[in-house]
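A.B. asks: For the sequence shown, the numbering used here assigns the number 33 to the initial residue and increments by one for each residue that follows.
Beta carbons: idealized from backbone N, C-alpha and C, even for Gly.
From a predicted model like this one, the values you see are computed outputs, not experimental measurements.
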Amino acid sequence: MTPPRSAFGAPPQGGAPSGPAEPDPRLPLGKSPSIPLLDVKDFSLEFRTRSGTVRALEGVNLSLRKGEIVGLVGESGSGKSVLSYALLGISDRAAKVTGGTAVFGGLDLLQADEPTLAGLRGREISMIFQSPRTALNPIRQVGLQIEDVLRRHAAASGPDLQTSLRQRAVQALRDVAIADPERRIAAYPFEMSGGMCQRVMIALALACKPSLLIADEPTTGLDVTTQAAVMDLITGLARERQMATLFITHDLALAADYCDRIVVMHAGHAVESAPTASLFASPRHPYTARLMSSTPGARSTIASLQPVPGQLPDLRREDLPACRFAERCERASPRCRSERPVLDTSQPHAVACWHPMHEAAPAAEAEHHV
Ligand SMILES: Nc1ncnc2c1ncn2[C@@H]1O[C@H](COP(=O)(O)OP(=O)(O)OP(=O)(O)O)[C@@H](O)[C@H]1O
Ligand code: SF4
Ligand SMILES: [Mg+2]
Numbered sequence: 033m034t035p036p037r038s039a040f041g042a043p044p045q046g047g048a049p050s051g052p053a054e055p056d057p058r059l060p061l062g063k064s065p066s067i068p069l070l071d072v073k074d075f076s077l078e079f080r081t082r083s084g085t086v087r088a089l090e091g092v093n094l095s096l097r098k099g100e101i102v103g104l105v106g107e108s109g110s111g112k113s114v115l116s117y118a119l120l121g122i123s124d125r126a127a128k129v130t131g132g133t134a135v136f137g138g139l140d141l142l143q144a145d146e147p148t149l150a151g152l153r154g155r156e157i158s159m160i161f162q163s164p165r166t167a168l169n170p171i172r173q174v175g176l177q178i179e180d181v182l183r184r185h186a187a188a189s190g191p192d193l194q195t196s197l198r199q200r201a202v203q204a205l206r207d208v209a210i211a212d213p214e215r216r217i218a219a220y221p222f223e224m225s226g227g228m229c230q231r232v233m234i235a236l237a238l239a240c241k242p243s244l245l246i247a248d249e250p251t252t253g254l255d256v257t258t259q260a261a262v263m264d265l266i267t268g269l270a271r272e273r274q275m276a277t278l279f280i281t282h283d284l285a286l287a288a289d290y291c292d293r294i295v296v297m298h299a300g301h302a303v304e305s306a307p308t309a310s311l312f313a314s315p316r317h318p319y320t321a322r323l324m325s326s327t328p329g330a331r332s333t334i335a336s337l338q339p340v341p342g343q344l345p346d347l348r349r350e351d352l353p354a355c356r357f358a359e360r361c362e363r364a365s366p367r368c369r370s371e372r373p374v375l376d377t378s379q380p381h382a383v384a385c386w387h388p389m390h391e392a393a394p395a396a397e398a399e400h401h402v
């Protein structure tokens with residue numbers, strides 16, 4: 033899904049720089065480590081389309097604390113991007129929030145008006161998109177694109193604003209390890225490699241030192257070495273700045289290498305959330321277990337890799353089972369089809385499943401609940 037507009041407060045592709053800065057209601061973020069920086073509860077969203085209503089997210093629970101790096105993983109179409117665009121208020125026009133809250137620093141992002149969200153985007157919450165070449169303005173020098181963001185959020189000020197903006201933009205490029213930033217600042221995206229463009233995207237996203245970064249498949253299309261360098265860069269800056277980071281990927285192994293915690297999504301449901309080590313030591317949701325056995329690791333062989341059975345259900349269906357994994361799950365019982373299990377994010381290792389792995393046989397449960 034292509035993002036409909038820029039999440040950085042920067043002008044959309046080919047557009048002119050934006051107008052004056054929005055008012056600056058900086059939020060008292062991350063004051064208490066016990067309060068999540070972002071707390072998404074029971075979030076549901078659907079798309080009203082000509083071919084039917086796509087129930088893209090249902091009852092999603094997710095939280096992030098200051099400085100935490102959380103991986104959001106799941107197959108293509110599981111709702112990872114839809115969730116992140118909705119948090120930034122950049123959803124497609126066909127999207128309709130049908131329930132829930134997403135509280136960020138005391139503000140419900142799902143209820144906030146556009147001027148408030150525009151004031152947060154790029155300053156408190158930033159996003160790195162999958163494809164830097166389409167997210168960057170191809171006809172504007174990269175330095176000017178960074179200056180646009182800084183100007184919009186008044187992150188640079190003083191009597192000589194232009195000099196200050198330029199210095200900040202050079203520093204932003206230096207922060208992402210771009211060599212010779214004084215010269216590179218005048219480059220256009222087409223003059224840069226894919227890895228370099230992704231570094232510029234990171235510089236743009238982090239220029240105003242946001243409290244929350246959403247990185248949507250930030251390394252897709254990059255070779256393995258550049259992928260590792262980009263991931264090292266993002267997570268290194270996140271640790272240094274205590275920035276909460278939601279790292280979206282379909283690559284469980286990559287998430288395992290870099291994330292403190294992993295949230296697994298399936299067909300618009302968040303189904304498991306656990307510290308990375310705990311998730312890998314003991315996956316509790318049958319889908320997570322299947323995802324793991326389909327993910328290549330250092331010791332896997334072709335024979336040991338097992339694809340997840342079946343496909344994601346069509347989210348336009350009226351007769352979706354309550355647990356949307358039920359038609360792919362060996363442990364399914366009648367209860368799974370009629371009653372949606374909820375993810376309790378107050379638990380360190382939470383699972384939304386009536387018959388989690390390592391627990392009672394589902395057949396007994398099934399009889400009990402029929
Ligand atoms: N504008 C739209 N109109 C209708 N359905 C949409 C729209 N955008 C997304 N969807 C549907 O919402 C669901 C979730 O899509 P989403 O793009 O969030 O998946 P994803 O997990 O990010 O997948 P990927 O790994 O391929 O990026 C899919 O079924 C998708 O077809
Ligand atoms: S709730 Fe039931 S169908 Fe869903 S994953 Fe758990 S056991 Fe399988
Ligand atoms: Mg996506």
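1) Inspect the CB distances between the stretch 154-166 and the stretch 245-258 and report whether three or more fall short of 8 Å.
2) Using a Cβ-Cβ cutoff of less than 7 Å, which residues in the same chain neighbour T308 once the five nearest sequence positions on both sides are dropped?
3) Based on the DSSP secondary-structure assignment, which residues constitute the bridge partners of I157?
4) Give me the residue from C368, R348, R372 and P388 with the minimum Cα distance to R82.
5) For the alpha helix (DSSP H) containing L311, name the first residue and the last one.
6) Compute the distance between the beta-carbons of F79 and V86, then report whether it is under 9 Å.
7) For S108, count neighbouring C-beta atoms within 10 Å of its own C-beta (all shown protein chains included) and say buried if the count is 16 or more, exposed if not.
8) Is the stretch 192-211 in contact with the stretch 142-150, if contact means three or more CB pairs nearer than 8 Å?
9) Cβ-heavy atom distance between V295 and ligand 1 below 8 Å?
10) Nearest-angstrom Cα distance between W386 and S305?
11) Can you tell me the Cβ-Cβ gap for T281 and E249, rounded? I've got them flagged as a contact below 8 Å.
12) Touch check for the stretch 317-329 and the stretch 372-385: three-plus C-beta pairs under 8 Å?
13) Enumerate, from N- to C-terminal direction, the unbroken alpha helix (DSSP H) stretches of 4 or more residues contained entirely within the stretch 102-154.
14) For T81, verify whether its CB is less than 8 Å away from any heavy atom of ligand 1.
15) Where does G268 fall in DSSP's three states?
16) Is the beta carbon of G132 less than 9 Å from the beta carbon of R372?
17) Quick one: residues in its chain with C-beta nearer than 6 Å to the C-beta of R360, no 5 flanking neighbours on either side, listed in chain order?
18) In terms of residues, what are the limits of the alpha helix (DSSP H) holding V296?
19) Is I234 helix, strand or coil by DSSP?
20) Does DSSP put E359 in a helix, a strand or coil?
21) Within 10 angstroms of the Cβ of T251, are there 16 or more other Cβ atoms? Answer buried if so, exposed if not.
22) Which runs of the beta strand (DSSP E), 3 residues or longer, sit entirely within the stretch 66-102?
23) Which residues does DSSP pair with V383 in a beta bridge?
24) How far does the beta strand (DSSP E) with T195 in it extend, from its first residue to its last?
25) Is P339 near P345, with beta carbons less than 9 Å apart?
26) Using the C-alpha atoms, what's the distance from S370 back to C355?
27) Assuming D71 contacts V135 (C-beta within less than 8 Å), just tell me the rounded distance between them.
28) Since P170 and Y220 are thought to touch, with beta carbons under 8 Å apart, how far apart are those beta carbons, to the nearest angstrom?
29) Using 10 angstroms around the beta-carbon of V256, count the other beta-carbons present and answer buried if the total reaches 16, otherwise exposed.
30) Please confirm whether L269 and G227 have their CB atoms less than 9 Å apart.
31) Would the C-beta of L254 count as close to ligand 1, meaning under 8 Å from any of its heavy atoms?
32) Three-state secondary structure (DSSP) at I178?
33) Report the three-state DSSP secondary structure of L284 (helix, strand or coil).
C.D. replies: According to the structure data:
1) yes
2) A288, C291, D292, R293 and I294
3) R153 and L244
4) R348
5) T308 to A313
6) yes
7) exposed
8) no
9) no
10) 15 Å
11) 6 Å
12) yes
13) 112-120 and 146-152
14) yes
15) helix
16) no
17) P341 and G342
18) Taken as a continuous stretch (DSSP letters only), V296 belongs to no alpha helix (DSSP H), being part of the beta strand (DSSP E) at R293 to H298.
19) helix
20) helix
21) buried
22) 70-81 and 84-96
23) E304
24) Taken as a continuous stretch (DSSP letters only), T195 belongs to no beta strand (DSSP E), being part of the alpha helix (DSSP H) at L193 to D207.
25) no
26) 8 Å
27) 5 Å
28) 7 Å
29) exposed
30) no
31) no
32) helix
33) helix
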